[in-house]
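Under this note's numbering, the first residue of the sequence shown is numbered 1, with each subsequent residue one higher.
Read the structure below first, then the notes.
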Amino acid sequence: MALVSANSTAALNSSDTRTAGCLLTGIPGLEHLHIWLSIPFCTMYVVAMTGNGILICVILSQPSLNEPMYIFLSMLASADILLSTSTMPKALANFWLGSSHISFDGCLTQMFFIHFLFVADSAILLAMAFDRYVAICLPLRYATILTSTVIGKITAATLTRSFTIMFPLVFLLKRLHYCRINIIAHTFCEHMGIAHLSCSNISINVWYGLAAALLSTGLDIILIAVSYIHILQAVFRLPSQNARSKALSTCGSHVCVILLFYIPALFSVFAYRFGGRRIPRYVHILLANLYVVIPPMLNPIIYGVRTKQILEGAKQMFSNLVKETK
């Protein structure tokens, strides 16, 4: 009888959470500043959407930019737009309207796309590092190595890997029994935030999440570092000072983008896991929001300023638009 009662209670709790959905608190401890915090977040989101949109239009409209480097850059811009859009609209609705409710399935969907796009972003940065490695270390074989077929395979591999790694998280969360508490102290749904609502043992979720991060993002970081070690060795062997400066300038843009992407994300992850009570909860949440909006905002600016071909392509595109309007 007691066993039946316990099972009924677990089912009721699970049903309650799955039916009632979740409540996103925003940034705990800074609720009174939500309106003011929404201003910089909204500004960064608009700049990110505008900048990446322009970058994609420039690359697609200029035949001179139909090269692997710029194709990967347009992929990065597309992923950045989707990553920011998967988080910021809901966060801003929470800040402005107090719209904190999200359905359980909606929460799982948001969680999946956030993690999926983050892993895809990381893979695209690895592809861009590989592109620079081939261009600088194997320049005579560049056109034969990075063909349109190879680029298509890299794109397919990026999407397949991200989906294969992140889709199991949905089932790992669905298998859990949930308590009556359905409040997530965050502006968006993420894997461990949902898992901590459960009354079940979440050890599998913890270990799978850690393994997924190490085998995807962690491996990408190692391969990117190896690529740039070889790139720097090749650059400093170039006989011409002008050639070295040009190669370093091109790689400098990539390194800036890589650092902007990984440093805030890794700091947020390690602060969340090992910071404990020494770092206030609102710091974790602010960092988590910043790493999904700051890199997308700054990437187009960095490439627009540091890459001459993109800057000239943008001028040409806007010049053509002005002529058409006249």
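In this text, a Cβ means the ideal position worked out from N, Cα and C, and glycines have one as well.
- Annotated three-state conformation of residue 189 is coil, per DSSP.
- Here residue 108 carries a helix assignment [DSSP, helix/strand/coil].
- In the DSSP assignment, residue 57 falls within the alpha helix (DSSP H) that extends over 34-61.
- Within the model, the alpha-carbon separation for residue 217 versus residue 237 is close to 30 angstroms.
- Between residue 151 and the set 105, 66, 45 and 204, the nearest pair of CA atoms involves 66.
- For residue 223, the enclosing alpha helix (DSSP H) stretches over residues 219-235.
- The beta carbon of residue 62 sits closer than 7 angstroms to those of 313, 316 and 317, all from its chain and outside the five residues before and after it, given in chain order.
- The alpha helix (DSSP H) runs lying completely inside the stretch 161-210 and spanning 4 residues or more are 191-195, given in chain order.
- By the Cβ criterion, the stretch 101-109 is in contact with the stretch 19-26, since at least three pairs of Cβ atoms, one from each stretch, lie closer than 8 angstroms.
- Between residue 57 and the set 143, 70 and 46, the nearest pair of CA atoms involves 70.
- In the structure shown, residue 151 falls within a helical segment according to DSSP collapsed to helix, strand and coil.
- Under the three-state reduction of DSSP, residue 23 is assigned to strand.
- At the C-beta level, residue 285 and residue 28 come within 8 angstroms of one another.
- A direct Cα-Cα distance of roughly 11 angstroms separates residue 83 from residue 111.
- Comparing alpha-carbon positions, the option among 121, 117 and 90 lying closest to residue 107 turns out to be 90.
- Judged by DSSP secondary structure, residue 66 falls outside any alpha helix (DSSP H); it is assigned neither H nor E.
- Between residue 95 and residue 35, the beta carbon gap of about 6 angstroms places them in contact (Cβ cut-off 8 angstroms).
- By the C-beta criterion, the stretch 296-309 is judged to be in contact with the stretch 249-257, since at least 3 inter-stretch pairs fall below 8 angstroms.
- Here the stretch 207-217 does not lie against the stretch 48-57, with fewer than 3 beta-carbon pairs under 8 angstroms apart.
- Just so you know, the alpha carbons of residue 155 and residue 129 end up roughly 14 angstroms apart.
- For the pair residue 115 and residue 75, the CB atoms are not nearer than the 8 angstroms cut-off.
- With respect to the 8 angstroms criterion, residue 163 and residue 124 are not classified as neighbours on the basis of their beta carbons.
- For residue 133, same chain residues with a beta-carbon under 7 angstroms away, outside a window of 5 residues either side, are 227, 230 and 231 in chain order.
- Within the same chain, 44, 47 and 48 come within 6 angstroms of residue 297 by CB-CB distance, once the 5 residues on both sides are set aside.
- Ranking 310, 321 and 324 by CA distance to the CA of residue 64 puts 310 first.
- Annotated as proximal: residue 173 and residue 195, with beta-carbon spacing under 8 angstroms.
- Excluding five sequence positions before and after residue 295, the CB atoms of its chain that fall closer than 6 angstroms to its own CB belong to 260 and 261, given in chain order.
- The beta carbon of residue 234 is closer than 6 angstroms to those of 136 and 137 in its chain, skipping five residues each way along the sequence.
- The beta-carbon separation of residue 117 and residue 86, rounded to 6 angstroms, stays under the 8 angstroms limit for a contact.
- In the three-state reduction of the DSSP assignment, residue 279 falls in the coil class, being assigned neither a helical nor a strand state.
- The beta carbon of residue 88 lies closer than 7 angstroms to those of 41, 45 and 293 in the same chain, with the five residues before and after it left out.
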